[in-house]
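Heads up, the thing below is written out as structure tokens.
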Amino acid sequence: MPLFWRIFLLNAVVLITATALLLGPVTVSTPVLLTEAAVLTVGLSVMLIANGLLLRVTLSPLQRLTRVMTTIDLLRPGQRPVVAGQGEVAELIATFNTMLDRLEEERATSSARALSAQEAERRRIAQELHDEVGQTLTAVLLQLKRVAGHAPSDLREELHQVQETTRGSLDEIRRIARRLRPGVLDELGLASALKALTTEFTSPGLTVQHHLDADLPRLGHETELVLYRVAQEGLTNTARHAHARRAELALNRTATGVELRIRDDGHGIKDAPEGAGIRGMRERALLIGADLAVGSGPEGGTEVRLAVPAPAPAPVSAPVPDRTR
Numbered sequence: 001m002p003l004f005w006r007i008f009l010l011n012a013v014v015l016i017t018a019t020a021l022l023l024g025p026v027t028v029s030t031p032v033l034l035t036e037a038a039v040l041t042v043g044l045s046v047m048l049i050a051n052g053l054l055l056r057v058t059l060s061p062l063q064r065l066t067r068v069m070t071t072i073d074l075l076r077p078g079q080r081p082v083v084a085g086q087g088e089v090a091e092l093i094a095t096f097n098t099m100l101d102r103l104e105e106e107r108a109t110s111s112a113r114a115l116s117a118q119e120a121e122r123r124r125i126a127q128e129l130h131d132e133v134g135q136t137l138t139a140v141l142l143q144l145k146r147v148a149g150h151a152p153s154d155l156r157e158e159l160h161q162v163q164e165t166t167r168g169s170l171d172e173i174r175r176i177a178r179r180l181r182p183g184v185l186d187e188l189g190l191a192s193a194l195k196a197l198t199t200e201f202t203s204p205g206l207t208v209q210h211h212l213d214a215d216l217p218r219l220g221h222e223t224e225l226v227l228y229r230v231a232q233e234g235l236t237n238t239a240r241h242a243h244a245r246r247a248e249l250a251l252n253r254t255a256t257g258v259e260l261r262i263r264d265d266g267h268g269i270k271d272a273p274e275g276a277g278i279r280g281m282r283e284r285a286l287l288i289g290a291d292l293a294v295g296s297g298p299e300g301g302t303e304v305r306l307a308v309p310a311p312a313p314a315p316v317s318a319p320v321p322d323r324t325r
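Residue 260 in full-length UniProt numbering is what sits at position 260 of the sequence shown, and the numbering runs on without skipping anything.
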């Protein structure tokens, strides 16, 4: 029965009963007698309690739905209110769950397109930096070396300083290009790319160690790229914001797939809101059905965990019988 009719019929029953009593054995005198006031008070109390209980039972699923609607996050899929209640209430909750399914699916599709376009743009920029800017700076270095060989002695030292500045700029351009397009990931695989990443982030103030299992399962290119980008973003946050002296990157095989873990000994994330970097990691994790957790480590600092399910094995096709014999 719809919510409107349930509330209407209950009120109608209570009011009809009260009217029948007033017209029958119950009368109201003037002035009102004590017994009559007691009967009217009890009747009013019964009506209010009945209405309150009905509304509480009927509308409690809507209150739970309201709480879910105000706290839902599409980057944490799977949060669904339980379909409870009857009639229109249950239909409303079921419709909301269907809407969430559609929104999560559409967001995953649009995020995949956006991240694919982002990776393509990164490859293009990295290629231009390497081919155009890198080659130009290399030519400048060669010209400076030739000019320094014929320059007077009083200018030679200044030309050497310009050479060192240009060489430092060339190294920085190459470093940026490597971050934009991890060529080592395509050429040598995920393990070598993660080792190179820890070496890149190791500096005089930060030591980054790596622990990689040797028996990792075969992962697709998209999964390896997500693992690399999450590790890169996690170490970037450690280097920029954590004020840590030591960090650890681990990639371990689990019963259900692999797990990437980045842990540092910095001051921790505490109650800081999630920034664009962490939300970007969550979007990448959704592309491969992985679960990302960011929080405090067991000994302080910050810990990032990415649990990646193992890819489903390819179906084995049955051998085709030889009918030529």
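All C-beta atoms in this analysis are idealised placements derived from N, C-alpha and C, irrespective of residue type, glycine included.
{"Asked": "From Glu233, Thr302, Ala290 and Gly266, pick the residue whose C-alpha is nearest to that of Gly280; which is it?", "Found": "Glu233"}
{"Asked": "Could you spell out where the alpha helix (DSSP H) holding Ser116 opens and where it closes?", "Found": "Glu88 to Glu128"}
{"Asked": "Roughly how many whole angstroms lie between the Cα atoms of Ala84 and Arg6?", "Found": "16 Å"}
{"Asked": "Between the alpha carbons of Thr109 and Val226, how many angstroms are there, rounded?", "Found": "16 Å"}
{"Asked": "So for Gln209, helix, strand or coil by DSSP?", "Found": "strand"}
{"Asked": "Our contact map puts Ile269 next to Gly289 with C-beta atoms below 8 Å; I'd like the distance itself, whole angstroms only.", "Found": "Not a contact, Cβ separation roughly 24 Å."}
{"Asked": "Name the one or two DSSP bridge partners that Arg56 has.", "Found": "Its beta-bridge partners do not exist; DSSP assigns none."}
{"Asked": "Tell me the rounded alpha-carbon separation between Ala185 and Leu141.", "Found": "It is Leu, not Ala, that sits at residue 185 in the sequence shown. The alpha-carbon atoms of Leu185 and Leu141 are separated by roughly 30 Å."}
{"Asked": "Measuring CB to CB, does Leu170 end up less than 7 Å from Leu194?", "Found": "no"}
{"Asked": "Mind reading off the beta-carbon distance from Asn237 to Gly277? Whole number of angstroms is fine, and I expect it under 8 Å.", "Found": "6 Å"}
{"Asked": "Run the CB neighbour count on Ala20, radius 10 Å, all protein chains shown included, and call it buried at 16 or more, exposed below.", "Found": "exposed"}
{"Asked": "What is the DSSP secondary structure of Asp264, reduced to helix, strand or coil?", "Found": "strand"}
{"Asked": "The beta strand (DSSP E) spanning Thr279 covers which residue range?", "Found": "The sequence shown places Arg at residue 279, rather than the Thr named in the question. Here Arg279 belongs to no beta strand (DSSP E); instead the alpha helix (DSSP H) covers Ala276 to Leu287."}
{"Asked": "Using a Cβ distance threshold of 8 Å, determine whether the stretch 126–135 contacts the stretch 144–164, with at least three qualifying pairs required.", "Found": "no"}
{"Asked": "From what residue to what residue does the beta strand (DSSP E) around Val308 run?", "Found": "Thr302 to Pro309"}
{"Asked": "How about the stretch 170–181 and the stretch 112–131: do they share at least three Cβ pairs that are nearer than 8 Å?", "Found": "yes"}
{"Asked": "How many Å lie between Arg246 and Arg261 at the Cα?", "Found": "14 Å"}
{"Asked": "Have a look at Gly266 and Glu283 and give me their C-alpha separation to the nearest angstrom.", "Found": "25 Å"}
{"Asked": "Counting along the chain, where does the beta strand (DSSP E) carrying Ala84 start and finish?", "Found": "Taken as a continuous stretch (DSSP letters only), Ala84 belongs to no beta strand (DSSP E), as it is neither H nor E."}
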